[in-house]
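Student:
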Amino acid sequence: MKERVVEPHLFIILGATGDLTRRKLLPALFHLRTYGELEKQNTLIVGAALPELSEEAFRLWSYEGLSGSGTRATTDLRQWCQDHVYYHTLREGRLADYEALAKFIARLEMTRNLPQNRIFYLALPPTIVPTTLELLDQTGLLKSHGWVRVVFEKPFGHDFHSARALNMRLHRYLEESQIYRIDHYLGKETVQNLLAFRFANPIFESLWNRDTVESVEITVAEDLGVEHRGAYYHEAGALRDMVQNHLTQLLTVVGMEVPTSFEAAEIQAEKLKVLRSISPIRTQDVVFGQYTAWAVPGQRILGYLEERGVPPDSRTETYVALKLEIHNWRWRGVPFYLRTGKRLPRKITQVAVTFRPAPIQVFRSLEPGSLTSNRLLIMLQPSEGFSLCFSVKTPGRSFKFTDRALRFDYGQAFGGELPEAYETLLRDVMIGDQTLFVTADFTETAWRLYDPLFVVPREVHLYTAGSWGPKEADALVEQDGQSWQLGW
Ligand SMILES: NC(=O)c1ccc[n+]([C@@H]2O[C@H](COP(=O)([O-])OP(=O)(O)OC[C@H]3O[C@@H](n4cnc5c(N)ncnc54)[C@H](OP(=O)(O)O)[C@@H]3O)[C@@H](O)[C@H]2O)c1
2 MKERVVEPHL
12 FIILGATGDL
22 TRRKLLPALF
32 HLRTYGELEK
42 QNTLIVGAAL
52 PELSEEAFRL
62 WSYEGLSGSG
72 TRATTDLRQW
82 CQDHVYYHTL
92 REGRLADYEA
102 LAKFIARLEM
112 TRNLPQNRIF
122 YLALPPTIVP
132 TTLELLDQTG
142 LLKSHGWVRV
152 VFEKPFGHDF
162 HSARALNMRL
172 HRYLEESQIY
182 RIDHYLGKET
192 VQNLLAFRFA
202 NPIFESLWNR
212 DTVESVEITV
222 AEDLGVEHRG
232 AYYHEAGALR
242 DMVQNHLTQL
252 LTVVGMEVPT
262 SFEAAEIQAE
272 KLKVLRSISP
282 IRTQDVVFGQ
292 YTAWAVPGQR
302 ILGYLEERGV
312 PPDSRTETYV
322 ALKLEIHNWR
332 WRGVPFYLRT
342 GKRLPRKITQ
352 VAVTFRPAPI
362 QVFRSLEPGS
372 LTSNRLLIML
382 QPSEGFSLCF
392 SVKTPGRSFK
402 FTDRALRFDY
412 GQAFGGELPE
422 AYETLLRDVM
432 IGDQTLFVTA
442 DFTETAWRLY
452 DPLFVVPREV
462 HLYTAGSWGP
472 KEADALVEQD
482 GQSWQLGW
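With the numbering used here, you'll find the sequence shown wraps up at 489, consecutive numbering, no jumps.
#1: May I ask you to check if the CB of R24 is nearer than 7 Å to at least one heavy atom of ligand 1?
#2: Would you kindly check if the distance between the Cβ of L372 and the Cβ of F402 is under 8 Å?
#3: Is DSSP giving H159 helix, strand or coil here?
#4: Please name the residue, chosen from A265, E271, E264, that lies closest to L252 on a Cα-to-Cα basis.
#5: Let me check one thing: in DSSP terms, what residues is H247 bridge-paired to?
#6: Can you tell which of I46, T22, Q250 has its C-alpha closest to the C-alpha of R113?
#7: Using the DSSP secondary-structure output, state which residues sit across from A222 in a beta bridge.
#8: Tell me, to the nearest whole angstrom, how far the beta carbon of L67 is from that of L78; I am working on the premise that it is less than 8 Å.
#9: Starting from the C-beta of R384, find all residues in its chain whose C-beta is less than 7 Å away, skip the five residues before and the five after it, and write them out in chain order.
#10: Locate the alpha helix (DSSP H) running through H235, then write down its first and last residues.
#11: Between the C-alpha atoms of L426 and D184, what's the straight-line distance to the nearest angstrom?
#12: Any heavy atom of ligand 1 closer than 7 Å to the Cβ of A50?
#13: Between which two residues does the beta strand (DSSP E) harbouring Q291 extend?
#14: Got a sec, what are the start and stop residues for the beta strand (DSSP E) D184 sits in?
#15: Would you kindly report the start and end of the unbroken beta strand (DSSP E) that includes I14?
#16: Per DSSP, I268 is paired with what?
#17: Looking at the strands, I want to know which residues DSSP matches up with E326.
#18: Comparing the CB of L303 with every heavy atom of ligand 1, is any distance shorter than 7 Å?
#19: Leaving out the 5 sequence neighbours to the left and right, which residues in its chain are closer than 6 Å to R347 when beta-carbon positions are compared?
#20: Under 6 Å Cβ to Cβ from Q245, same chain only, skipping five residues before and after it: list those, please.
#21: Please report the distance separating the alpha-carbon of Y122 from that of Q300.
#22: Confirm the yes/no value for this check: CB of A124, any heavy atom of ligand 1, distance under 7 Å.
#23: So does K155 have its beta carbon nearer than 7 Å to some heavy atom of ligand 1?
#24: Distance, Cα to Cα, Q435 vs L33?
#25: Within a Cβ cutoff of 6 Å, which residues of the same chain sit near E8, ignoring the five residues on either side of it in sequence?
#26: Apart from the five residues just before and just after M243, which ones in its own chain have a Cβ nearer than 7 Å to its Cβ?
#27: Can you check whether the CB of S280 is closer than 8 Å to the CB of H329?
#28: Here's a check: name, in chain order, each residue in its chain whose Cβ is nearer than 6 Å to the Cβ of G147, leaving out the five neighbours to either side.
#29: Among residues of its own chain, excluding the 5 on either side of E93, which ones have a beta-carbon nearer than 7 Å to its beta-carbon?
#30: On the criterion of 16 or more Cβ atoms from any shown chain inside 10 Å, does S63 qualify as buried, or is it exposed?
#31: Can you check DSSP and say which residues form a bridge with I46?
#32: Comparing the CB of L67 with every heavy atom of ligand 1, is any distance shorter than 7 Å?
#33: Is it right to say Y233 is buried, meaning 16 or more other beta carbons lie within 10 angstroms of its own, or is it exposed?
#34: Please report whether the beta-carbon of S163 lies at a distance below 8 Å from any beta-carbon of chain D.
#35: With distances taken from CA atoms, which of L11, P126, H85, D98 is nearest D20?
#36: Can you tell me which residues form a DSSP beta bridge with A296?
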C-alpha cells in the first residue's frame, strides 16, 4: 500500500451552519490539524451557508461548537479558527452568490499561494444538492488546475430509480473518481480492522466459508427513538435509513472475497460482487416492527406513533430483522441475519459469526445443547474489538463445560481514543483514497435488492420500547436453530 499525503487544498463546506458541520466536521478537521498534516499543508476551511454572517461571527460560532464538543486538544482553538476558517453567504439558488464565492475562492487561493485543489463538502438537505451542484458547475468551481473532490451525505436516493437519477445527475458534472459518498460506518476503526483481520490472519480466513461457518448475524441496535426526526423517519423507516446502507456495507465487508490488492477499486469490486450474489429476499424472511410506549411509575417513554412529526396511523417500521443468502461458492447455504431497531435496550453494533459444531459429539454424557458453538464477535459500538468464544471444562472431576472468551479491545490495547469515523473519512478524501466510500454501483445494486420489500403488503409487529424487538424476529432465527447473539 502506497502512503499518500495530504496536499494543500481548500475545504469548502456548503451548509456550514448546520448540525453536521458543528458536531462532526469542524471537530474532525481540528483533530486532523492536531496531527500536524493540515497545518503543514496550509489547508483552509471556507464555510458557506444561507445566513448573512460576518466572518468573525462564523469563527466565533465554530469556536463555541469546538470548545463544547469535547475536542481532544484544549489550547489554541480560537487562534486556529481565526487563522484557518473563512465564511461566505450563499443564498439558495442565487447564481450571483455562487459567482461571488468563485471570486472569493480564487482570491484566497492566490493570496495564500494554494494550488487549485478543492474539496466541496455538501452538508445540505438532499433536496437542494442537485441545484447546488449545477450552480457550482455554472460558476466554474468544479473545474480547476488542481483536483476537485465533492463529498455527499446520505440519503443516496430513496429507491433504485431515484438513486440512478441522482447518480446520472452527479455524473453530468463529475467523474465517479471525484465523488465521495459518505457512509460513516465505514470510517470506524473496526471496519478497517475487519479487513486487516480477515486478510492478514490466514487462520481465520481459512475458516471464513460455508464449511465452517453456520450463520452470520449483524446487529445495529439503537437505544434512542426517532428524536426530532419524526417526519423524516415516517418517510424513511429502518430499512431505508439503516439496512440499505450501513448494514449492507458491513455485510459486504464480512462476505467479500480476498481482493487482489488493497486498492480502492479492487475492494469496491469485491464488495459489489457479494451484493450481486445475494438471492432475492423472501418476504417471509423479513420482520418489521414498531415500538410502543413503555411506562413505570414516574417514567414514560413515548411510543413511535406519539413522537412529534409522526402521523398517528404511520405503518413505518422502526425495527427490521431479515435473513438473506449470498449465493456463491463461499457462502451458499449460510444464513446471514441482519437486524436493526430503535428504542432497543442499548446501543450496540456487532457482527457475530457462529461456527459449526463438531461433526461428532465425543462427550456423550452431556446434556444436548450444553456445549455451545464457537463464536467470533466483532464489536463496533460501544467499544471496538473482537471476542472469540469457546467452551472450556470447569475445574473438578465431572466433565462440565462453560463458555469463555479471548477478547481484544482496541481502547485497552492501544490506549487513548480512537479516531472518530469522520476524521478517518475526511483524511481519506484529502488524500484521494476512495476505499471507504460508497460507489454509484453499490447504492443502485443495494436499492435493487431491497426495493421489492417496500411494495409488498407488510405486517408491522409491535414491540415495547426497551425490549429487543418483536418476538417474530426471534422466531426468524429460532426456526433455523439459532438465537440472536448479544455483546461480550
Ligand atoms: N447531523 C448529523 O449528524 C448528520 C449525520 C449523517 C448525515 N447527515 C446529513 O448531512 C446533511 C446535513 O445535515 P445537518 O444535520 O447539518 O442539516 P441541517 O442542520 O438541517 O442543515 C444543514 C445546512 O443546510 C442549510 N439549509 C437548510 N435548508 C436549506 C435550503 N433550503 N437552502 C439552502 N441551505 C439550506 C442550513 O442552513 P441554516 O443553518 O440556515 O438552517 C445548514 O447550513 C444532511 O443531508 C443529513 O442527512 C447529518
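For every residue, glycine included, the Cβ atom is placed at its ideal position computed from N, Cα and C.
Since the structure is predicted, the reported quantities are computational estimates derived from the model, not experimental observations.
Tutor: The short version:
#1: Within the sequence shown, residue 24 is the residue found at index 23, counting from 1. At least one heavy atom of ligand 1 is nearer than 7 Å to the Cβ of R24, so yes.
#2: Here residue 402 refers to the residue found at position 401 of the sequence shown. Here residue 372 refers to the residue found at position 371 of the sequence shown. Taking 8 Å as the Cβ cut-off, F402 and L372 qualify as a contacting pair.
#3: Taking the sequence shown and counting its residues from 1, the one referred to as residue 159 is at position 158. Coil, per DSSP.
#4: Position 251 of the sequence shown, counting from 1, holds the residue named residue 252. For L252, the nearest C-alpha among the options comes from E271.
#5: Numbered from its first residue, the sequence shown carries residue 247 at position 246. Looking at the DSSP assignment, H247 forms no beta bridge with any residue, so it has no partner.
#6: Sequence index remark: in the sequence shown, residue 113 carries index 112 (1-based). Nearest of I46, T22, Q250 to R113, Cα basis: I46.
#7: Here residue 222 refers to the residue found at position 221 when the sequence shown is read from its first residue. For A222, which the question treats as bridged, DSSP gives the partners G342, I349.
#8: In the sequence shown, counting from the first residue as 1, residue 67 sits at position 66. In the sequence shown, counting from the first residue as 1, residue 78 sits at position 77. Indeed they touch by this definition, with Cβ atoms about 5 Å apart.
#9: The count along the sequence shown starts at 1 and reaches residue 384 at position 383. Residue 384 is actually Ser in this sequence, not Arg. Taken in chain order, the residues that qualify are D410, G412.
#10: Here residue 235 refers to the residue found at position 234 when the sequence shown is read from its first residue. Start and end: 231 to 239.
#11: Stepping through the sequence shown from its first residue, residue 426 is reached at position 425. Stepping through the sequence shown from its first residue, residue 184 is reached at position 183. In a straight line, the C-alpha of L426 is about 9 Å away from that of D184.
#12: Residue mapping note: residue 50 aligns to position 49 of the sequence shown, counting from 1. Yes, the beta carbon of A50 sits closer than 7 Å to at least one heavy atom of ligand 1.
#13: Locating residue 291 in the sequence shown gives position 290, where the first residue counts as 1. It spans 287 to 293 - the beta strand (DSSP E) in which Q291 sits, taken as one unbroken run.
#14: What you label residue 184 is simply residue 183 of the sequence shown in a count that begins at 1. No beta strand (DSSP E) contains D184, which DSSP labels as neither H nor E.
#15: Locating residue 14 in the sequence shown gives position 13, where the first residue counts as 1. That run of the beta strand (DSSP E) goes 11 to 15.
#16: Reading the sequence shown from its first residue, position 267 is the one you call residue 268. According to DSSP, I268 bridges with nothing at all.
#17: Residue numbering aside, residue 326 sits at position 325 when the sequence shown is read from its first letter. Answer is P336.
#18: Taking the sequence shown and counting its residues from 1, one reaches residue 303 at position 302. No, since every heavy atom of ligand 1 falls outside the 7 Å radius drawn around the Cβ of L303.
#19: As a working note, residue 347 is residue 346 in the sequence shown. Contacts found: D224.
#20: Locating residue 245 in the sequence shown gives position 244, counting from the first residue. Same-chain partners within the cutoff: A447, Y451.
#21: Along the sequence shown, one-based indexing puts residue 122 at 121. Along the sequence shown, one-based indexing puts residue 300 at 299. Roughly 41 Å between the two C-alpha positions.
#22: By 1-based counting over the sequence shown, the position of residue 124 is 123. Indeed, a heavy atom of ligand 1 lies less than 7 Å from the Cβ.
#23: Stepping through the sequence shown from its first residue, residue 155 is reached at position 154. Correct: K155 has its Cβ closer than 7 Å to ligand 1.
#24: Counted from its first residue, the sequence shown places residue 435 at position 434. Counted from its first residue, the sequence shown places residue 33 at position 32. In a straight line, the C-alpha of Q435 is about 18 Å away from that of L33.
#25: Within the sequence shown, residue 8 is the residue found at index 7, counting from 1. Contacts found: N118.
#26: The residue you call residue 243 lines up with position 242 of the sequence shown. Taken in chain order, the residues that qualify are V221, T341.
#27: As a working note, residue 329 is residue 328 in the sequence shown. As a working note, residue 280 is residue 279 in the sequence shown. Reading off the sequence, residue 329 comes out as Asn, not His. Going by C-beta atoms, N329 is not nearer than 8 Å to S280.
#28: Within the sequence shown, numbered from 1, the residue matching residue 147 stands at position 146. Closer than 6 Å at Cβ, skipping near neighbours: P116, Q117, N118.
#29: Counting from one through the sequence shown, the residue named residue 93 turns up at place 92. Counting only Cβ-Cβ distances below 7 Å, and skipping sequence neighbours, we find L51, I129.
#30: As a first step, residue 63 is located in the sequence shown; it is residue number 62 there, counting from the start. Buried, because 16 or more other Cβ atoms sit within 10 Å of the Cβ of S63.
#31: In the sequence shown, counting from the first residue as 1, residue 46 sits at position 45. In the DSSP output, where bridge partners are listed per residue, I46 has F12, V86.
#32: Indexing the sequence shown from 1 puts residue 67 at position 66. Checking every heavy atom of ligand 1 against the Cβ of L67, none is found closer than 7 Å.
#33: Along the sequence shown, one-based indexing puts residue 233 at 232. Y233 comes out exposed.
#34: Judged by its chain identifiers, the structure shown contains no chain D, having just a single protein chain.
#35: The count along the sequence shown starts at 1 and reaches residue 20 at position 19. Closest option to D20, Cα to Cα, is P126.
#36: Locating residue 296 in the sequence shown gives position 295, where the first residue counts as 1. Answer by DSSP bridge pairing, in chain order: R301.
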